[in-house]
Each structure stands twice: as structure tokens, then as C-alpha cells.
Amino acid sequence: MATENTTGFKTFTATSTAIAKNIRVALDSNGEISAAGATDDWIGTTVDDVAADGRVTVRLRNSAGTHFMTASAAITRGAKLYATADGKVDDATAGGA
């Protein structure tokens, strides 16, 4: 049976690595999340810090509203953001998805 998520949030289990709040995350083949790389297809951003193997709510990428993200360096106000390593963003280079 298919389900529909109308809230824009979903809870996932982290892999064996802790993830900080406001980090872009990717889903692995086991259904667990980890910090997304620069070219990973990310699914959303964490809304809280999560310990290794812990559960955390993720604001899904396609949900309406503002997504808070962690910058990897200083960002110019109003600049377009690009994915960087470790689930962060930057305005300097076009990294990926």
C-alpha cells in the first residue's frame, strides 16, 4: 500500500556516524541516512543533531518553506548555493545535486 507524506517531514535512522543539525542527508540502500556528499542525491535536511544509529526527523527536500543548512564557508547574502562535502553548502562552486 502506498502512503503519502503531506507534512514534509519524515523520521529516519542514521548510519553508524553522528549527523549534526541542518545537514543535507542521503538515503542508503538499507534505508538509513548519512551526510550527503557534493554529488549525492540528497533527500532533505536534519532538524536536530543525531547520534550514531539514532533516529532523527528530516525536513524533506521537496517540502515547502525554508530549509536551514550548514555552510562550509562564508556565504554572500542572496548568492545561489551549491552542495559541498559533508552535507554542507557553499556559494563558491557548483558541486552537485
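The numbering used here puts the sequence shown at residues 929 to 1025. Ideal Cβ placement from N, Cα and C applies to all residues, glycine included.
Test item: CB-CB of D1018 and A999 under 8 Å: Here residue 1018 refers to the residue found at position 90 when the sequence shown is read from its first residue. Here residue 999 refers to the residue found at position 71 when the sequence shown is read from its first residue. Their beta carbons are under 8 Å apart, which means D1018 touches A999 by this criterion.
Where G1015 falls: helix, strand or coil (DSSP): Looking up residue 1015 in the sequence shown gives position 87. Three-state DSSP puts G1015 in a helix.
Residue span of the beta strand (DSSP E) that contains E960, given as start and end: Here the question's residue 960 lines up with position 32 in the sequence shown. Counting along the chain, the beta strand (DSSP E) containing E960 begins and ends at E960 to A963.
Which of helix, strand or coil DSSP assigns to K1008: The count along the sequence shown starts at 1 and reaches residue 1008 at position 80. When secondary structure is reduced to three states using DSSP, K1008 falls in the coil class, being assigned neither helix nor strand.
Simplified DSSP assignment, three categories, for I947: Within the sequence shown, residue 947 is the residue found at index 19, counting from 1. I947 falls in the strand class under three-state DSSP.
Between the CA atoms of A1001 and D969 - distance to the nearest angstrom: As a working note, residue 969 is residue 41 in the sequence shown. As a working note, residue 1001 is residue 73 in the sequence shown. Distance between the alpha carbons of D969 and A1001 is about 21 Å.
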